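A.B. asks: Residue numbering for the sequence shown follows my numbering, beginning at 4 and increasing consecutively.
Heads up, the beta-carbon is just placed ideally off N, CA and C, and yes, glycines get one too.
Every value quoted in this text rests on a predicted model; they were computed, and no experiment measured them.
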Amino acid sequence: MSETRTTAAIRDRVEALREDLRRHEHLYYVLDAPEISDAEYDARMNELKKLEAAHPELQSADSPSQRVGGKPAEGFKKALHSRPMLSLDNAYSPEELADWDRRVHELADGLPVAYVAELKMDGLSVALRYGAASGGAARLEMGLTRGDGQTGEDVTTNIRTIRSVPLTIPAAVLKKLDLPQGFEVRGEVVMSAAAFARLNEEREQQGLTPAVNPRNAAAGTLRTLEPSIVATRRLDVYAYFLLVEGEYWPQGQQATLDALAALGFRVNPQRRLVKTVEEMSAFIDDAEAKRETLGYEIDGVVLKVDAQATQQRLGYTGRAPRWAIAYKFTARAGITRVHHITVQVGRTGKLTPVAELEPIFIGGTTVSRATLHNADFIERLGLRLGDWVKVERGGDVIPKVVEVVHDAEHPRGKLRFVFPVQCPECASEVVRAEGEVDFRCVNADCPAKLRESLLHFGRREVMNIEGFGDAVVQQLLEKSLAKSVADIYTLSPEQLALLQKEVRRKKKDGSEETKLERLLGPIEVERLLAEIERSKKAGLARVLMGLGIRFVGERTAELLAEEFGSIDALMDASAEDLERVEEVGPRIAEAIREFFTQEKNRALVEHLRAAGVEMTAEKKQRSTQLAGLTFVLTGTLPNMTRDEAEARIVAAGGKAVGSVSKKTSYVVAGSEAGSKLDKAQALGVPVLDEEGLLNLLEGAK
Ligand code: IVH
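Next up, the structure:
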């Protein structure tokens, strides 16, 4: 049908219907206050769809009829966040909150301090980007998951199906808030308890394993490749941040939440401006009391400094703002039975006993396993097979066995658990080193070690190879396609096409059959190879983590990478060189040296290098301005501990020594300085106070 045949009347009717449907979506999905029946809504939507079908030239991506995009996505592209999506530091008690509040006041240094208390919804965060649409309006352009905080996944097609997310925002609303057409909203995607229950009912009917908790279900849903499925799952977005050009909206948090509501977003109505720790605690108590009746999961309360000027003064630590904190609710517990204990072998060969529990629903999650850490822990609990135990789920998902419960209703188990003397995976001997609690498998080629190393290597925090999970790794091992992590980089599409999975199907007569199918389709193979390729640029710190050197976790790996700048420099480092790195003591230094003396590990590094994996990092520039100068510290400095002062002198290239001589460049004296100060004066060594030292350091930058 041609443009000319669309009469003005039809055009107006289509626009009016869209306006009307947007308003009713907002009433229904955001405000929970519908004004018309579902049937009436459907009737108006059908009228709109019919008109749009008859007049294709009137179609628009922003129409309420277009929430579910036609074709499923072929995998998600990645995109850089406009500003990193950080996480929050946690507090677990009113005392910790009080400490935080004190720090905030100190650092705020006179700027106003009031907090907005919000619920901490247990979902996953997303960034929603809006851009210019016709007539001065804004339209949803992109929805990104948090990803690793720097880059997220473009899940726009799925976000569009969420009815509490406006697809367009009228020019008049933007104008009222003095907001440009381009801005970003951040918030939490959650699945309501009702939607979760419905999903699991369906899954059970289909013979599928139920989802463990609403958060996982929401995360899985958001990453589903079929938007029409996402649309049926009824996710929700609660908005909490507004950014313009990568900066938080300047009016403060309280006003931000009001603005978000005015823009049409769902904003959690449970929020309060609080000033004191008592007021924070009252809000937390209220939230905890309401927790079971909210209809969605929360795991705590978030407190945010309201005023932006104060936020800016407080600033950020590496991964979290200093101006906000998450108060995590105390663990929820339940009592259940230990059926048996299995023993898992980790990437370092460590054996970890795991309690296999009668499944129990605790805090929104079905718990069926819990770590028992080591043999001593089992001993300390006095745990026997068949015992009833108290299981706690803390702020995080990992459940803990806290104690054995023994009373009239909960009889003791009979069988004592005997820790295996052989590796459960390869039957090699297991040993416990002097002074250690853990048993380890001695077999360097234990298949479990390889499996766990591969899984570790692909993890998000390590090389971040998406799609390289249990199923793929298990198959690579079964088909002997990976003998070390370096083999990941030589996998071909043909090899990946060989991986298989078992699929259970119900036949017409009700019986079940199992069939083997390809684990990865051609698109998935391509995507996985692209992920592997991308991981080559993850950088030295992540490679170091991936190598699995004992004691070298994220932070140590980062510090080592910064210090040495390349794997070669690190491999050649002496114990002394290594110990110069902050947080590296003799034990870690020894573990690193020991790792790189093994031929096998050096060969692994060479294989990774040959595969094109980058193993360099930006080296931290060491200041050398104080090089050649020696300092002696005496007395108490007003703002710095002696350790801090020494560390800063050393970082600037200077030396801190214990006693004063003619060669001493400076004595730094605080209050109650002793004989060292006298000696300095006698020898004519210049004396500095804290400020003098700071000036010197400042000059040394
Ligand atoms: S503010 C700088 N507010 O909690 C990041 N987060 O533990 C600050 N969350 O990644 C986020 N409810 O996914 C904020 N009202 C709320 C929240 C909230 C839930 C999640 C969010 C974040 C995580 C941090």
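Compute the Euclidean distance between the alpha carbons of N698 and P324, then round it to the nearest angstrom.
C.D. replies: 28 Å
A.B. asks: Verify the contact flag: Y118, CB atom, against every heavy atom of ligand 2, threshold strictly below 7 Å.
C.D. replies: Ligands in the displayed structure: ligand 1; ligand 2 is not one of them.
A.B. asks: Kindly provide the ranges of any alpha helix (DSSP H) runs that are 4 or more residues long and lie completely inside the region 472-544, ordered along the chain.
C.D. replies: Counting whole runs of 4 or more residues, the region 472-544 contains the alpha helix (DSSP H) stretches 473-481, 496-500 and 525-538.
A.B. asks: Applying the criterion that 16 or more other CB atoms from any shown protein chain within 10 Å of the CB defines a buried residue, is N642 buried or exposed?
C.D. replies: Exposed.
A.B. asks: Leaving out the 5 sequence neighbours to the left and right, which residues in its chain are closer than 6 Å to G366 when beta-carbon positions are compared?
C.D. replies: Here the set comprises R335 and R396.
A.B. asks: Would DSSP call S569 helix, strand or coil?
C.D. replies: strand
A.B. asks: For L122, verify whether its CB is less than 7 Å away from any heavy atom of ligand 1.
C.D. replies: yes
A.B. asks: Looking at the secondary structure, which residues open and close the beta strand (DSSP E) in which I301 lies?
C.D. replies: Taken as a continuous stretch (DSSP letters only), the beta strand (DSSP E) holding I301 covers I301 to V308.
A.B. asks: On the DSSP letters alone, give me the boundaries of the alpha helix (DSSP H) that W103 sits inside.
C.D. replies: P97 to A111
A.B. asks: Going by the CB atoms, is the gap between L457 and A485 shorter than 8 Å?
C.D. replies: In terms of Cβ geometry, A485 and L457 form a close pair [threshold 8 Å].
A.B. asks: Any heavy atom of ligand 1 inside 7 Å of the beta-carbon of L317?
C.D. replies: Every heavy atom of ligand 1 is 7 Å or more from the Cβ of L317, so no.
A.B. asks: Does A42 pass the burial test, meaning 16 or more other C-beta atoms within 10 Å, or should it be called exposed?
C.D. replies: exposed
A.B. asks: Which value, in whole angstroms, describes the spacing of the CA atoms of G398 and T333?
C.D. replies: Any reading at G398 needs caution, since the residue's pLDDT is 48, under 50, leaving its predicted position unreliable; the model's value is listed next. Using only the alpha carbons, I get a separation of about 7 Å.
A.B. asks: When the Cα atoms are used, what is the spatial distance from K278 to A94?
C.D. replies: Cα to Cα, K278 sits roughly 17 Å from A94.
A.B. asks: With DSSP collapsed to three states, give me the class of Q62.
C.D. replies: In this structure, DSSP gives Q62 a state outside helix and strand, which the three-state scheme calls coil.
A.B. asks: Compare the Cα-Cα distances from L691 to each of D646, T633 and A650 and report the closest residue.
C.D. replies: That would be T633, whose Cα lies nearest to the Cα of L691.
A.B. asks: In the structure shown, what three-state DSSP assignment does Q425 receive?
C.D. replies: strand
A.B. asks: Which of helix, strand or coil does DSSP assign to G731?
C.D. replies: The question about residue 731 has no answer here: the residues shown for the chain are numbered 4 through 704.
A.B. asks: Looking at E191 and ligand 1, is the gap between the Cβ and the nearest heavy atom below 7 Å?
C.D. replies: yes
A.B. asks: So who's on the other strand from E395, going by DSSP bridges?
C.D. replies: A336 and K403
A.B. asks: Can you determine whether any heavy atom of ligand 1 sits closer than 7 Å to the C-beta of S85, and answer yes or no?
C.D. replies: no
A.B. asks: Since V357 sits in a beta bridge, which residues does DSSP pair it with?
C.D. replies: Partner(s): T345 and T374.
A.B. asks: Between which two residues does the beta strand (DSSP E) harbouring E144 extend?
C.D. replies: A141 to T148
A.B. asks: When you measure from the CB of S2 to every non-hydrogen atom of ligand 1, does any distance come out below 7 Å?
C.D. replies: With the chain covering only 4 through 704, there is no way to say anything about residue 2.
A.B. asks: Decide if the region 315-329 is in contact with the region 382-393; the criterion is three or more beta carbon pairs, one per stretch, under 8 Å apart.
C.D. replies: no
A.B. asks: Specify the secondary structure class of F773 as computed by DSSP and reduced to three states.
C.D. replies: Lying before the first or after the last residue shown, residue 773 is absent from the chain, which here runs from 4 to 704.
A.B. asks: Cβ of A592 within 8 Å of Cβ of L581?
C.D. replies: yes
A.B. asks: Is G656 helix, strand or coil by DSSP?
C.D. replies: coil
A.B. asks: The beta strand (DSSP E) with T224 in it runs from where to where?
C.D. replies: Bounds of any beta strand (DSSP E) do not take in T224; it lies within the alpha helix (DSSP H) bounded by P217 to L225.
A.B. asks: Taking contact to mean at least 3 C-beta pairs separated by less than 8 Å, is the region 37-53 in contact with the region 17-27?
C.D. replies: Yes, since at least three Cβ pairs between the region 37-53 and the region 17-27 fall closer than 8 Å, the two stretches touch.
A.B. asks: Contact check, R443 vs T351 under 8 Å by CB: the rounded distance?
C.D. replies: 7 Å
A.B. asks: Measure how close the beta-carbons of I301 and L122 come, nearest whole angstrom, since I'm counting them as under 8 Å.
C.D. replies: Their Cβ separation, rounded to whole angstroms, is 5 Å, which keeps I301 and L122 in contact under 8 Å.
A.B. asks: Return yes when the Cβ of I468 is within less than 8 Å of the Cβ of E534, no when it is not.
C.D. replies: yes
A.B. asks: Apart from the five residues on each side of it in sequence, which residues of its chain come closer than 8 Å, Cβ to Cβ, to M194?
C.D. replies: G126, L202, P217, R218, A220, A221, T224, R236, R237, L238, D239 and Y299
A.B. asks: Apply the 10 Å Cβ neighbour rule to H84 and answer buried if 16 or more other Cβ atoms are within range, or exposed otherwise.
C.D. replies: buried
A.B. asks: What is the DSSP secondary structure of V247, counted as helix, strand or coil?
C.D. replies: strand
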